[in-house]
Amino acid sequence: MSIPLVVGAGGVVPPPAARPAAHVIRDDEEAIAIARDVAARIAEGAVERDRRDLFPSAELDLYSASGLWGVTVPRAYGGADVSYVTVGHVIRLISAADSSIGQLTQNHLATVAVIRSTGTEEQKADLFAEILAGRRFGNAFSETGTRTVSDLKTRFVRDGRDVVVNGVKHYASGALAADLVQIVALDEEGRSWLAIADRAAPGLTVINDWASFGQRGTGSGKVLIENVRVSERRVVAAWKAYLPENPTTDSAISQFIQSAIDAGLAEAAIAETENFVRTRTRAWVDSGAERARDDPYTIHALGGLHVRLSAARALLDVAGRAIDVALDEPTPDSVAAAQIAVAESKILTTEIAIESTNRLFELGGAASTDRSLGLDRLWRNARTHTLHDPVRWKYAIVGDYYLNGRRPPLHPWS
3 MSIPLVVGAG GVVPPPAARP AAHVIRDDEE AIAIARDVAA RIAEGAVERD RRDLFPSAEL
63 DLYSASGLWG VTVPRAYGGA DVSYVTVGHV IRLISAADSS IGQLTQNHLA TVAVIRSTGT
123 EEQKADLFAE ILAGRRFGNA FSETGTRTVS DLKTRFVRDG RDVVVNGVKH YASGALAADL
183 VQIVALDEEG RSWLAIADRA APGLTVINDW ASFGQRGTGS GKVLIENVRV SERRVVAAWK
243 AYLPENPTTD SAISQFIQSA IDAGLAEAAI AETENFVRTR TRAWVDSGAE RARDDPYTIH
303 ALGGLHVRLS AARALLDVAG RAIDVALDEP TPDSVAAAQI AVAESKILTT EIAIESTNRL
363 FELGGAASTD RSLGLDRLWR NARTHTLHDP VRWKYAIVGD YYLNGRRPPL HPWS
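Okay, so the sequence shown: first residue is 3 according to this note's numbering, each after it adds one.
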């Protein structure tokens, strides 16, 4: 996609061109160093991309070529298998630079987790090699017009050594620039599977119709699936990840990455607020201060933001460690503990993302609303991304866990 793609312009988007193999990261330290470098480079054009509704094609290529999309591949298959504490730092750094690009990693890394937990040995060897080479997964999961997000109409039927999939997907983050599209489809028994199709597969059509006011760069449009054939070798039994007697960390991992995105958004908003107050905001007439940065109410407000951001980041690390523990020894109790830690993290990262992006304009003043600055993108992105799943339900499962000893439900939103 060398020609700039305007998100939401309509039409069918062709598959991405072939790319050189990705770098293979070897350890946590290298992952963090590369994430800092990539974040600095993709941050440069974030305002302009948002203003012009441009899909971040070049930036996405840079990001996936860096090797960061393969860092959770197990060592037995050639990956670095970094800790989830490190994954949280990587996603937070990237999302502070451009939260749309951070979100494009989410479904990819969640798919890596499903392959790790429920894939066959043949599937792991095949798909992990693709991932380490730099191939990107894109999402075809959510649907509209159903009672809840978990009610799916997309089905597949078996035909020889293939399955044939039919359905329509919306909010397909990552599918636009994916090499492989993981289609969540149900079998005859209503169990969910990942049918991993080539992006260029006949019958698989990606429509550029993303119309949200935030996270524009995700290009999360529609995917039409019309008699798409997928080899049974690439149909992964996702349903096995959510068995109460043998649970996995897949749901915790999916939510953990979402939490890290919001932490990154909050960091960006607070940094922009401080910069604006130092350089542009005028002191309030009744403050007696010469500079806005000496206004005691502004100082107090920014102090509060930093306290809540520090708490959110600390809980993100706690959640990452809980996932690492449950990955090593997955039991109903360890998985539930990881889910609860992630829920606590997501509550705080959601709240600080929304608060900090609102406070940016309150503390910056009217001048901060100048459209040429592009600061509104942070509020739009935070408000949009935090709608992924309601934190009011996170409070409920946390309270129920501690008060009544009930484990959280096992599904991708918990």
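Cβ atoms here follow ideal geometry from the backbone N, Cα and C, with glycine treated the same way.
Taking the alpha-carbon of residue i as reference, which of the options has the nearest alpha-carbon?
i	options	result
Ala343	Val73, Ile117, Ala328, Ala355	Ala328
Leu64	Gly80, Thr107, Glu50	Thr107
Trp286	Val166, Val89, Ala368	Ala368
Val320	Leu350, Asp402, Thr333	Leu350
Ser233	Glu292, Ser101, Asp200, Thr207	Asp200
Val73	Ser175, Ile34, Arg315, Asp39	Ile34
Pro76	Ser152, Leu129, Thr333	Leu129
Asp161	Val237, Arg149, Ser256, Pro334	Val237
Pro18	Val40, Ala37, Ala180	Ala180
Asp55	Ala213, Asp402, Ile36	Ala213
Ile36	Val49, Thr146, His91, Tyr79	His91
Asn248	Val49, Thr333, Trp395, Leu62	Thr333
Spatial neighbours of residue i within its chain, please: CB distance less than 8 Å, with the 5 preceding and 5 following residues excluded, ordered by chain position.
i	result
Asn168	Thr156, Arg157, Phe158, Ile227, Glu228, Asn229, Val230
Val400	Ile342, Ala345, Glu346, Ile349
Thr371	Phe363, Leu377, Asp378
Trp71	Ala24, Tyr65, Thr107, His110, Leu111, Ile133, Gly136, Arg138
Thr148	Leu154, Lys155
Arg38	Leu95
Gly322	Ser85, Tyr86, Val87, Thr88, Val89, Gly90, Phe258
Where does residue i land, buried or exposed, given buried means 16+ other C-beta within 10 angstroms?
i	result
Ala99	buried
Ser312	exposed
Val165	buried
Asn109	buried
Gly13	exposed
Thr388	buried
Pro16	exposed
His302	exposed
Glu190	exposed
Tyr404	exposed
Ser102	buried
Ser374	exposed
Tyr299	exposed
Asp288	exposed
Thr275	buried
Tyr397	exposed
Gly223	buried
Gly407	exposed
Asp297	buried
Val84	buried
Ala41	buried
Ala127	exposed
Hey, would you say residue i sits closer than 8 Å to residue j, going by beta carbons?
i	j	result
Ala11	Asn210	yes
Ile133	Val114	yes
Ala262	Leu318	yes
Arg51	Gly219	yes
Arg361	Leu412	no
Ala265	Ala202	no
Gln217	Asn383	yes
Phe258	Ile325	yes
Trp195	Ala239	yes
Ile198	Leu182	yes
Leu245	Val208	no
Arg235	Glu123	no
Val186	Ala131	no
Val393	Thr352	yes
Residues in the same chain with beta-carbon distance under 6 Å from residue i, minus the five sequence neighbours each way, listed in chain order, please.
i	result
Gly205	Glu228, Asn229, Val230
Arg409	Ala338
Gly69	Ala24, His25, Val26, Ile27
Thr88	Asp30, Ala33
Trp415	Asp391
Phe57	Leu7, Val9, Gly221
Arg295	Val279, Arg280
Ala268	Leu311, Ile354, Ala355, Ser358
Gly47	none
Trp241	Arg193, Ser194
His80	Rather than His, the amino acid found at residue 80 in this sequence is Gly. Only Leu134 meet the Cβ criterion.
Who are the near neighbours of residue i in its chain, counting only those whose CB is closer than 7 Å to its CB and skipping five residues on each side?
i	result
Ala243	Val116, Ser119, Thr120, Thr250, Asp252
Arg53	Gly376
Ser144	Val151, Lys171, His172, Tyr173
Asp330	none
Ser97	Gly104, Ala262, Ile263, Gly266, Leu267
Arg163	Ser233, Glu234
Ser336	Val327, Ala328
Arg293	Ala285
Roughly how far, in whole angstroms, is the beta-carbon of residue i from the beta-carbon of residue j, given that I think they are within contact range, below 8 Å?
i	j	result
Gly104	Gly140	Actually they are not in contact, since the Cβ atoms of Gly104 and Gly140 sit about 15 Å apart, beyond 8 Å.
Ala82	Arg21	With a Cβ gap of about 20 Å, Ala82 and Arg21 do not count as contacting.
Leu365	Thr283	7 Å
Following a CB-centred definition, is residue i positioned closer than 7 Å to any heavy atom of the ligand FMN?
i	result
Thr251	Because no ligand of any kind appears in the structure shown, any question about the ligand FMN cannot be addressed here.
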